[in-house]
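Enquirer: This is the structure I have questions about; it appears just below.
There are 2 protein chains.
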Amino acid sequence: MSILSLDRAHESVEKDLSSVDRLIFDTLSEHDKSIEVIGNYVISAGGKRIRPLLNMVFAQVFCYKGDSHIKIGAAIEFFHTATLLHDDVIDESNIRRGKEAAHKKWTNKYAILVGDFLFSQAFRLMIATRSIEVLNILSKAAAIISEGEVKQLNNLRNIELDQSEYIDVIQSKTAELFAVACETAAVISDQNKDMQQAAYGFGINLGISFQIMDDILDYTSENLGKELGKDYEEGKVTLPIILLNKVCDIGEKEFIKRLFKDDEKNEGDFQLLVKCIEKYDIFNESKKVAFLYSNKAEEIFNKHFITLDKQEILRSILSYQINRVS
Amino acid sequence: MSILSLDRAHESVEKDLSSVDRLIFDTLSEHDKSIEVIGNYVISAGGKRIRPLLNMVFAQVFCYKGDSHIKIGAAIEFFHTATLLHDDVIDESNIRRGKEAAHKKWTNKYAILVGDFLFSQAFRLMIATRSIEVLNILSKAAAIISEGEVKQLNNLRNIELDQSEYIDVIQSKTAELFAVACETAAVISDQNKDMQQAAYGFGINLGISFQIMDDILDYTSENLGKELGKDYEEGKVTLPIILLNKVCDIGEKEFIKRLFKDDEKNEGDFQLLVKCIEKYDIFNESKKVAFLYSNKAEEIFNKHFITLDKQEILRSILSYQINRVS
């Protein structure tokens, strides 16, 4: 079993994920050509499909027999794609999933409106489950996520941001969707409240760990299908900057202030910043925080899921993330 | 009874509309300060609240006794406000409801994200009705409306647009929300399918008539709380232009092509265009089309609603619109 990829999990729910994709592309094909083209472009660009994957895997681990997980999976992917379309307009990103961002290719107007359409389709699919409980969970999550995006916007260039505020933002904007992908699988599988909460907790901690790792990779990797240093360019203060700011000297603090608060950036500053982060071993310090959260997810796993049949599929997702942050 | 305003209808459901406003502002106050401030700014700027009004009035005409209409009314107003926020970003409008547009005051980023938040809250409130039927109707409407917005974008600068395509767009982007405001009131009041369809048909025709009149006023009135000539500036081809293009001479056709298709506008062109529209009496011709649709709404009214207690409140809304287009 590889712990370096999500292949094990993808394979185990391959059929379900194909059904999700079919539902997504069938839904898009029923509408205006530009919706279909733009929707297909963004969604077929791939991504790990980790959110629907969590829903499918939990449904399998809980021996779910119906087809609501297909609708929820497609709804979650639609919702996630809608937020990506809007995020890229807001962040003025050029690249998404290794391709030219939709708003660059078709204008901001199309990105905003097709995003709105995908939101509405996400809700259509959620409603198709006919479960008020599922609807409550997912619509509450939608509100938390968009509020998280607003909070993130409020915190642009805020170098006073502390770790707990940062965690609060990424919990809302990223981890909540991970969490409800897990929780709704427990709900449709008629698991008890304890198990539903455990699934939610597993997803929240996994999601926080996941986002911290993405925020680290924004400084270290060019292979994310995104641009390197996007957060830096936007003035988005993430964990590496928060931790660096706590330990660096006065001159370095001034440097951070100039880059983020004052938004005065010169050529070569990004490389200098990365060197400064490395000097204080901050990437590893950040990974430790990410590890803390994947560790919490593991504790929940060990307490609630380890005795279940097929737990090893779920375990493989956890191992993937633990491996990323180790 | 004045047929020049919606006062009669507003008065009859005053208490319900206050409850809707309270629910809206209470919901906003529970969230991030910037959501509350921007949401309050846009929603308290007023507008006629005609969409929730239709829902309240129909609920009263159908003697509805519960409180779902309050939730639906607030959901519809949230949804409508979200589309206004996004529309103003897309259309680059400076003014909305007589005030500086939100995206001008707080940036496009906030307008997009607060719009997304209001979408999610709209769905939260719809779900609070716990009626899958209501949810199906409203979420389908949300998809139709956003698809209508995309179609409108596709048709920018398209001077080949014909009347039926134009009606198709305004039916989706505007009239659908009028229609489901009426239909859902019939649903929660346990009216039969015939009555539900009649309510929907009344709303669709009223909404089409309403939007045609707004499109006429874009050329003739500065008192809408919007800018005069916005459609003209954006290259949005509306009924007056479609009708003018059918009857004007070759030189005038070239003029329209230059303004809309080629987007080459000089000072004084707008006034020239208005004169040309007046020369062929196109404002009245456009009003005749609007009248056709308010007439269809009246036929439905006479067939289905005229014998109901309190039908006169509903009649006053219809009279308001008939008066606008007469």
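Chains Z and H, in that order, give the protein sequences. To convert, take the position in the first sequence, counting from 1, and add 1059; that gives the working numbering. To convert, take the position in the second sequence, counting from 1, and add 1059; that gives the working numbering. Yeah, the Cβ is synthetic: ideal placement off N, Cα and C, and Gly gets one too.
Alpha helix (DSSP H) containing Ser1103 (chain Z): first to last residue?
Expert: Lys1092 to Ser1103
Enquirer: Does DSSP put Lys1305 (chain Z) in a helix, in a strand, or in coil?
Expert: helix
Enquirer: Using only CA atoms, which one of Z:Leu1172, Z:Glu1151 and Z:Val1148 lies nearest to Asp1146 (chain H)?
Expert: Z:Leu1172
Enquirer: Kindly list the residues whose CB is nearer than 8 Å to the CB of Leu1065 (chain H), restricted to its own chain and excluding five residues on each side of it in sequence; keep chain order.
Expert: So the list reads Lys1107, Ile1109, Leu1112, Ser1375, Ile1376 and Tyr1379, once near-sequence residues are dropped.
Enquirer: With a 10 Å radius around its C-beta and 16 neighbouring C-beta atoms as the bar for buried, classify Ser1223 (chain H) as buried or exposed.
Expert: exposed
Enquirer: Quick check on His1090 (chain H) - is its C-beta less than 8 Å from some C-beta in chain Z?
Expert: yes
Enquirer: Does the CB of Asp1175 (chain Z) have a neighbour CB from chain H at under 8 Å?
Expert: yes
Enquirer: Extract the residue ranges of the alpha helix (DSSP H) inside the region 1278–1364 of chain Z, only unbroken runs of 4 or more that lie entirely within it.
Expert: Within the region 1278–1364 of chain Z, the complete alpha helix (DSSP H) runs of at least 4 residues are 1289–1293, 1298–1306, 1309–1315, 1328–1338 and 1341–1359.
Enquirer: Does the pairing of the region 1182–1189 of chain H with the region 1182–1201 of chain Z give three or more beta-carbon distances under 8 Å?
Expert: Contact check between the region 1182–1189 of chain H and the region 1182–1201 of chain Z: three or more CB pairs, one atom from each, fall below 8 Å, which counts as touching.
Enquirer: Contact check, Asn1114 (chain H) vs Gly1132 (chain H) under 8 Å by CB: the rounded distance?
Expert: So it is a contact: roughly 5 Å between Cβ atoms.
Enquirer: Beta-carbon of Ala1160 (chain H) versus every beta-carbon of chain A: anything under 8 Å?
Expert: Absent here is chain A; the protein component of the structure consists of chains Z and H.
Enquirer: Going by C-alpha distance, which of H:Ile1129, H:Val1239 and H:Leu1177 is nearest Val1096 (chain H)?
Expert: H:Leu1177
Enquirer: May I have the straight-line CA-CA distance separating Ala1349 (chain Z) from Asp1221 (chain Z), to the nearest angstrom?
Expert: The alpha-carbon separation between Ala1349 (chain Z) and Asp1221 (chain Z) amounts to approximately 16 Å.
Enquirer: From the DSSP output, which residues share a beta bridge with Ile1154 (chain H)?
Expert: H:Glu1159
Enquirer: Cβ of Tyr1339 (chain Z) within 8 Å of Cβ of Cys1307 (chain Z)?
Expert: yes
Enquirer: Can you find the residues in the same chain that come closer than 7 Å, C-beta to C-beta, to Gly1394 (chain Z), ignoring five residues on each side of it along the sequence?
Expert: Given a span of 1060 to 1385 for chain Z in the structure shown, any question on residue 1394 (chain Z) remains unanswerable.
Enquirer: Which residues in the same chain as Val1193 (chain Z) place their Cβ atom closer than 8 Å to its Cβ, once the five residues preceding and following it in sequence are excluded?
Expert: If the five residues before and after Val1193 (chain Z) are omitted, its C-beta is found closer than 8 Å to the C-beta atoms of Ser1127, Ile1131, Met1185, Thr1243, Val1246 and Ile1247, all from its own chain and listed in chain order.
Enquirer: Measure the alpha-carbon distance for Phe1314 (chain H) versus Ser1088 (chain Z) and round it to whole angstroms.
Expert: 38 Å
Enquirer: Hey, Val1079 (chain Z) and Val1116 (chain Z) are a contact pair by Cβ (cut 8 Å); roughly how many whole angstroms apart?
Expert: That belief does not hold up - the Cβ atoms of Val1079 (chain Z) and Val1116 (chain Z) are roughly 12 Å apart, past 8 Å.
Enquirer: Starting from Lys1316 (chain Z), find everything on chain H with Cβ-Cβ shorter than 8 Å and list it in chain order.
Expert: Simply none; closest approach about 23 Å.
Enquirer: Taking all protein chains shown into account, decide if Leu1212 (chain Z) is buried (16 or more other Cβ within 10 angstroms of its Cβ) or exposed.
Expert: buried
Enquirer: May I have the straight-line CA-CA distance separating Met1272 (chain H) from Lys1074 (chain Z), to the nearest angstrom?
Expert: 52 Å
Enquirer: Which residues mark the beginning and the end of the alpha helix (DSSP H) in which Glu1224 (chain Z) is found?
Expert: Gln1222 to Ile1229 is the span of the alpha helix (DSSP H), which, as asked, contains Glu1224 (chain Z).
Enquirer: Using a C-beta cutoff of 8 Å, does Gln1180 (chain Z) count as contacting chain H?
Expert: yes
Enquirer: If Phe1342 (chain Z) sits next to Ile1275 (chain Z), beta carbons under 8 Å apart, how far is it from one beta carbon to the other, in whole angstroms?
Expert: 6 Å
Enquirer: Mind pulling the chain H residues with CB within less than 9 Å of Val1246 (chain Z)?
Expert: Result: empty, since nearest Cβ-Cβ is about 14 Å, beyond 9 Å.
Enquirer: Within the continuous alpha helix (DSSP H) that includes Ala1068 (chain Z), where are the two ends?
Expert: Unbroken alpha helix (DSSP H) run through Ala1068 (chain Z): Asp1066 to Ser1071.
Enquirer: Could you tell me whether the region 1259–1270 of chain H touches the region 1231–1241 of chain H, where touching means 3 or more Cβ pairs closer than 8 Å?
Expert: Enough Cβ pairs lie closer than 8 Å, so yes.
Enquirer: With DSSP as the reference, label Gly1106 (chain H) as helix, strand or coil.
Expert: coil
Enquirer: Under 6 Å Cβ to Cβ from Gln1270 (chain H), same chain only, skipping five residues before and after it: list those, please.
Expert: Ile1229 and Thr1233
Enquirer: Select from H:Phe1261, H:Leu1082 and H:Arg1067 the residue whose C-alpha is nearest the C-alpha of Leu1351 (chain H).
Expert: H:Phe1261
Enquirer: Apart from the five residues on each side of it in sequence, which residues of its chain come closer than 7 Å, Cβ to Cβ, to Lys1312 (chain Z)?
Expert: Asn1304
Enquirer: Within 10 Å of its beta-carbon, does Met1060 (chain Z) have 16 or more other beta-carbons around it, so buried, or fewer, so exposed?
Expert: Bear in mind that a pLDDT of 40 at Met1060 (chain Z), under 50, signals an unreliable position, so the number given afterwards is only what the model happens to contain. With fewer than 16 Cβ atoms within 10 Å of its Cβ, Met1060 (chain Z) is classed as exposed.
Enquirer: Residues of chain H with a CB under 7 Å from the CB of Ala1202 (chain Z): which are they?
Expert: Here the neighbours are Phe1176, Ser1179, Gln1180 and Arg1183.
Enquirer: Please confirm if Arg1383 (chain Z) has its CB atom under 8 Å from at least one CB of chain H.
Expert: no
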